[in-house]
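A.B. asks: My structure is below; once you've seen it, I'll send some questions.
Numbering (the working numbering), first residue to last: 1 to 1109.
This is how it looks when you write it as structure tokens:
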């Protein structure tokens, strides 16, 4: 025949052939033999895909019109280049074809070619997609394998589009089905069915209580358990057991609004806030408000039971025993009603059907999950919660030696920090390392060379890894390499496949989170937070279900690094038997005491910076690295007095995950006085360069070192603690506190917010609107909170940080308006009608509103221990901590921050129209005109020689309006305090204020930042010093003159704090603000330009001051 066989291109060409007997494509054995696991999987999958594709094409052919031009295939088959015609002896085939015309032969060829070229129809493609998804779901399980498989499928579809189809994306890309995230809060049919059955049981029980007056001890315990489940929401077995023990042993305490609270400590599988020393047993403690129906049965129990009986009961108490108690009281009751008693765990699971619907019980679904044990959460230990509510603090008036606090004492390896910072700067753009890829190559090369016989001995795997050691210099990379080498060098080491598995399990995340970090100076809490973040990332982003395996590997590597690199010991929260979380909260009383101590004891140049650091961490919960890495240009909305900070990576601070990049609304989270403090600090310290860090020492440009906040905190806690009971907190505890407090604000009842935080109603509304927007009661509150905190999921907030979750949920249930018959109350508690009326019980139609007897129950159960407390309200003085003394906005003075006024002047100097300059500085056009007019008058003030006193001349020889800039950060730090004291002085003594400004106006100049006083001006000098002391401490002022004049004038003990510097060439006393002279070694101090800048700006902004003398 003259026509060649049709051979269209296929993706499996050279990889597989069609097996007619099996009716499918089968890979060549020789190809599979030389392929690794991933390549073998790919070839087999491509063969299966080609088989399914061709099979479906025969059933669901599409239109040939969608195909590319097929001339090349037609010509290739019909007229190949090597085709030649020759005469040959006749054959039977030849005679068979004699009767066919050429047109008939070509027609048959075209039909066959068209048949093979026909594409797959849309219907066929949909079926292809469905078949593939089903096959893959059954054949592949691991997420890594699935990812590779779907990449192969995309490759196959792209091949069909490229080689056959006219349109580039004729066949759409098949998107890998994402694993559905189960929502445990969705109500299912079982919840409805069993919930309705449960309501029938509850109705029968309430009727039984009304009819029955006598109960045995076991029955009372059974009904107490029933009440806790049905009315109190205690729907998790271990929590129920701990709750019951606390009630029976009278371990309850009075809580706000006549509530009774217990803090049961109970064994909990896989999660807790304590781990028993020497074992893997975990304990959890939660704060629970006891519901009122359970209180009724509790009264009954303690009336009829002795302490000895209680001890005996508790000794035998277990999950099975609780189940027996409940089954005993319910089985005989419901049997005549033909109601089946649901299994114990199902009874717990579906009890929420009843209590979620109780009147006035406003409880969100996430809190329902907390009470059911679906969300792990931990409260404070009993002792810690007591101290949270009742700890007393004091103020110690003792100055701190900052040098001691700044000295690093955490690790002997912490050296050369500047080099580490530079290294961090280099690596910040790429938060990954190719180390894992290279090590994987080494392991594979080692396996490959073991199978080959060569005359030259290849390097061993240990030698290969050691060679890598020289290529990588980051500490995190060296730790990983050293750990791998230690595994390889062990006696009886794990096999190479196992070590590579270890490496892949934790190596990528370890390097992702730790590259370019100063691990050698990290504290224990920083490593604990690191491992929390890594494991959360694996669970949420990587969908790893067994994070215990990764936790154990991280623990092994850290223990190795602890010995080799002197890293701190870390109490790993995760283990094979569960994880322990750190539960810690800083009370409002402690917070206020900390800020007060900082403002009183830290050096004046640094105190506001450190106070602001602790204010922000307490209110926002930002991580330490995030705080220390803040720059002034990370602040938005400052002009409008609604600042937010944007957390984003920079040269100091890499962000941990994409969710860590976020906007934190300070205008909502800070209280009004704290917000004013923040704005004043920023406006005073930003200067002309916003691209600088906020939390630096006044003498440096770099952020303070990582260890400084914790070291300062420990010193403060030691000083503010009363007697020997030193409070122990970590810096990370502030993050726990912020999450817990904000969860109360966003979701909790106002009673709890008022009692446990220092927020008032206006604070709550401002925070809700700032975080949630207009709809403050929507269902996204928990997601909004996790977003503010930079968490990947709300579960992280619950498990690690929210220590009020159970308290919030049970308090919400305690608001439920439950009604019981008057007879029931008498049968259970013994309260007569007379007793109820005497205590103002709400009785209607022989039914009693249980909340109306709250006080009566409280008095009978608490037995006079103490009144119902208010906690924060009675223990925490809510006065303003931070006195910024900003004037009222009805005056121009203080209406705008100095940096905004300065921006207006600079813009006007640059010949921007006044309207544009005012808009740029966010100043009203009226105020801008006033400020420009006054600035022009100040610029016109001249010296005796006729030169401008406060401003320099421009290139065109005309005065500019902008003040001379302040050069040093230490001067900017003093400006904040200077302004605050200036507002106070102006308010208290306007005469002194005016005199001070006027004398400075007359004596300061561009060439001198000090005031000269002659020998005869002693009274003026004395008055100046008296006023100056009200603006800045005397140790911040500098006086220089000749030795005799200094001795004569400044020898008084009143002036001993003023810095003095002798200069025999001077015949007058020169006084100004002192600034450290970094240029000179001999003369330690110089006059700061701060005073001149301050006077200049006051003359412009204070309309009461006369500019011209």
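Glycine included, each C-beta is placed from N, C-alpha and C at the ideal position.
Remember, it's a predicted structure, so these values are computed and weren't measured experimentally.
Does DSSP classify residue 421 as helix, strand or coil?
C.D. replies: The residue you call residue 421 lines up with position 421 of the chain shown. Interpretation of residue 421 is limited by its pLDDT of 40, a score under 50 that renders its predicted location unreliable; the figure taken from the coordinates is listed afterwards. Of the three classes helix, strand and coil, the one that applies to residue 421 here is helix, per DSSP.
A.B. asks: Apart from the five residues just before and just after residue 672, which ones in its own chain have a Cβ nearer than 7 Å to its Cβ?
C.D. replies: For the purposes of this step, residue 672 is identified with residue 672 of the chain shown, where counting begins at 1. Nothing listed; no residue qualifies.
A.B. asks: Quick check on the DSSP output: what are the complete alpha helix (DSSP H) runs of length 4 or more inside the segment 511-541, in order along the chain?
C.D. replies: Whole alpha helix (DSSP H) segments, 4+ residues: 524-540.
A.B. asks: What whole-angstrom Cβ distance do residue 850 and residue 293 have, given they're in contact under 8 Å?
C.D. replies: To locate residue 850, count along the chain shown from 1; it is residue 850. To locate residue 293, count along the chain shown from 1; it is residue 293. Correct: roughly 7 Å between the Cβ atoms.
A.B. asks: Beta-carbon separation of residue 26 and residue 36 under 7 Å?
C.D. replies: The count along the chain shown starts at 1 and reaches residue 26 at position 26. The count along the chain shown starts at 1 and reaches residue 36 at position 36. Contact flag unset, no.
A.B. asks: In terms of residue numbering, what span does the alpha helix (DSSP H) encompassing residue 350 cover?
C.D. replies: Within the chain shown, numbered from 1, the residue matching residue 350 stands at position 350. Unbroken alpha helix (DSSP H) run through residue 350: 344-350.
A.B. asks: Return the residue from the list 339, 231, 307 and 312 that minimises the CA-CA distance to residue 290.
C.D. replies: Working through the chain shown from its first residue, we reach residue 290 at position 290. Cα-wise, what sits closest to residue 290 is 231.
A.B. asks: Quick check on this structure: which residue in 1102, 443 and 205 has the alpha carbon closest to the alpha carbon of residue 337?
C.D. replies: Within the chain shown, the letter at position 337 stands for residue 337. Among 1102, 443 and 205, the Cα nearest to that of residue 337 belongs to 205.
A.B. asks: According to DSSP, is residue 84 helix, strand or coil?
C.D. replies: The sequence position of residue 84 within the chain shown is 84, counting from 1. Residue placement at residue 84 is poorly supported in this model, since its pLDDT is 44, which falls under 50; the coordinates still yield a value, given next. Here residue 84 sits in coil by DSSP.
A.B. asks: Consult DSSP for residue 778 and reduce its assignment to one of helix, strand or coil.
C.D. replies: For the purposes of this step, residue 778 is taken as residue 778 along the chain shown, with counting starting at 1. In the structure shown, residue 778 sits in coil (DSSP, three-state: anything other than H, G, I, E or B).
A.B. asks: How about residue 920 and residue 997: do their beta carbons lie closer than 7 Å?
C.D. replies: Residue numbering aside, residue 920 sits at position 920 when the chain shown is read from its first letter. Residue numbering aside, residue 997 sits at position 997 when the chain shown is read from its first letter. Taking 7 Å as the Cβ cut-off, residue 920 and residue 997 do not qualify as a contacting pair.
A.B. asks: Do residue 372 and residue 273 have their C-beta atoms within less than 7 Å of each other?
C.D. replies: For the purposes of this step, residue 372 is identified with residue 372 of the chain shown, where counting begins at 1. For the purposes of this step, residue 273 is identified with residue 273 of the chain shown, where counting begins at 1. Not in contact: residue 372 and residue 273 (Cβ atoms no closer than 7 Å).
A.B. asks: In this structure, does DSSP put residue 429 in helix, strand or coil?
C.D. replies: The count along the chain shown starts at 1 and reaches residue 429 at position 429. Note that residue 429 has pLDDT 36, beneath the 50 cutoff, so the model's placement of it is unreliable and no number is given.
A.B. asks: For a quick check, are the C-beta atoms of residue 331 and residue 345 less than 7 Å apart?
C.D. replies: Here residue 331 refers to the residue found at position 331 when the chain shown is read from its first residue. Here residue 345 refers to the residue found at position 345 when the chain shown is read from its first residue. Against a cut-off of 7 Å, the Cβ pair of residue 345 and residue 331 comes out as no contact.
A.B. asks: Spell out a yes or no on whether the segment 244-264 and the segment 549-569 are touching, meaning 3 or more CB-CB pairs, one atom from each, closer than 8 Å.
C.D. replies: Not touching, per the Cβ criterion.
A.B. asks: Beta-carbon separation of residue 963 and residue 1096 under 7 Å?
C.D. replies: The count along the chain shown starts at 1 and reaches residue 963 at position 963. The count along the chain shown starts at 1 and reaches residue 1096 at position 1096. Contact flag set, yes.
A.B. asks: Starting from the N-terminal side, write out each stretch of the alpha helix (DSSP H) that is 4 residues or longer and does not extend beyond the segment 619-657.
C.D. replies: Counting only runs of 4 or more, we get 624-628.
A.B. asks: Just list the residues that DSSP pairs residue 235 with in beta bridges.
C.D. replies: For the purposes of this step, residue 235 is taken as the residue at position 235 of the chain shown. Answer is none; residue 235 lacks a bridge partner.
A.B. asks: Alpha carbon to alpha carbon, how far is residue 255 from residue 982?
C.D. replies: Along the chain shown, read from residue 1 onward, the residue named residue 255 stands at position 255. Along the chain shown, read from residue 1 onward, the residue named residue 982 stands at position 982. If you take the alpha carbons of residue 255 and residue 982, they lie about 46 Å apart.
A.B. asks: If we count the other Cβ atoms within 10 Å of its Cβ and call it buried at 16 or more, is residue 1114 buried or exposed?
C.D. replies: Any question about residue 1114 goes unanswered here, given that the chain covers just 1 to 1109.
A.B. asks: Return the chain-ordered list of same chain residues with a C-beta closer than 7 Å to the C-beta of residue 874, the five sequence neighbours on each side being excluded.
C.D. replies: For this step, residue 874 is matched to residue 874 along the chain shown. Reliability fails at residue 874, whose pLDDT of 49 lies under 50, so the model's placement of it is uncertain and the value that follows must be treated cautiously. Same-chain partners within the cutoff: there are none.
A.B. asks: Enumerate in chain order the residues of its own chain whose CB-to-CB distance from residue 621 is below 6 Å, with the five nearest sequence positions on each side excluded.
C.D. replies: Here residue 621 is taken as the residue at index 621 of the chain shown, counted from 1. Excluding sequence neighbours, residue 621 sits near 735, 738, 739 and 789.
A.B. asks: Could you pull out every residue in the same chain whose Cβ sits closer than 7 Å to the Cβ of residue 32, ignoring the five residues on either side in sequence?
C.D. replies: The residue you call residue 32 lines up with position 32 of the chain shown. Taken in chain order, the residues that qualify are 40 and 43.
A.B. asks: Give the single residue among 818, 356, 197 and 863 whose Cα lies nearest to the Cα of residue 841.
C.D. replies: Counting from one through the chain shown, the residue named residue 841 turns up at place 841. For residue 841, the nearest C-alpha among the options comes from 818.
A.B. asks: What are the partner residues of residue 1072, as DSSP defines its beta bridges?
C.D. replies: Position 1072 of the chain shown, counted from the first residue, corresponds to residue 1072. Residue 1072 pairs with 1038.
A.B. asks: Helix, strand or coil: which one does DSSP assign to residue 984?
C.D. replies: Here residue 984 refers to the residue found at position 984 of the chain shown. Of the three classes helix, strand and coil, the one that applies to residue 984 here is helix, per DSSP.
A.B. asks: Can you name the start and end residues of the beta strand (DSSP E) that residue 19 belongs to?
C.D. replies: Here residue 19 corresponds to residue number 19 of the chain shown, with the count starting at 1. 16-19 is the span of the beta strand (DSSP E), which, as asked, contains residue 19.
A.B. asks: With three or more C-beta pairs closer than 8 Å as the rule, is the segment 968-978 touching the segment 1031-1038?
C.D. replies: Output reads yes: the segment 968-978 touches the segment 1031-1038.
A.B. asks: Determine the extent of the alpha helix (DSSP H) in which residue 810 is found, giving its start and end residues.
C.D. replies: As a first step, residue 810 is located in the chain shown; it is residue number 810 there, counting from the start. Unbroken alpha helix (DSSP H) run through residue 810: 805-814.
A.B. asks: Using only CA atoms, which one of 161, 57 and 481 lies nearest to residue 128?
C.D. replies: The residue you call residue 128 lines up with position 128 of the chain shown. Minimum Cα distance to residue 128 is reached at 57.
A.B. asks: On the criterion of 16 or more Cβ atoms from any shown chain inside 10 Å, does residue 163 qualify as buried, or is it exposed?
C.D. replies: Mapped onto the chain shown, residue 163 falls at position 163. Exposed, since its Cβ has fewer than 16 Cβ neighbours within 10 Å.
A.B. asks: Would you report the Cα separation of residue 223 and residue 267, rounded to the nearest angstrom?
C.D. replies: The residue you call residue 223 lines up with position 223 of the chain shown. The residue you call residue 267 lines up with position 267 of the chain shown. Residue 223 and residue 267: Cα-Cα distance of roughly 23 Å.
A.B. asks: Spatial neighbours of residue 897 within its chain, please: C-beta separation below 6 Å, excluding the five flanking residues on both sides.
C.D. replies: By 1-based counting over the chain shown, the position of residue 897 is 897. Here the set comprises 683.
A.B. asks: Starting from residue 1013, trace the beta strand (DSSP E) both ways and give me its first and last residue.
C.D. replies: Along the chain shown, one-based indexing puts residue 1013 at 1013. From DSSP, the beta strand (DSSP E) with residue 1013 extends over 1011-1013.
A.B. asks: Once DSSP output is grouped into helix, strand and coil, what is the label at residue 338?
C.D. replies: Indexing the chain shown from 1 puts residue 338 at position 338. Residue 338 falls in the coil class under three-state DSSP.
A.B. asks: With a floor of 4 residues, list each alpha helix (DSSP H) that falls wholly inside the segment 670-736, ordered by position along the chain.
C.D. replies: Runs found: 672-685 and 708-720.
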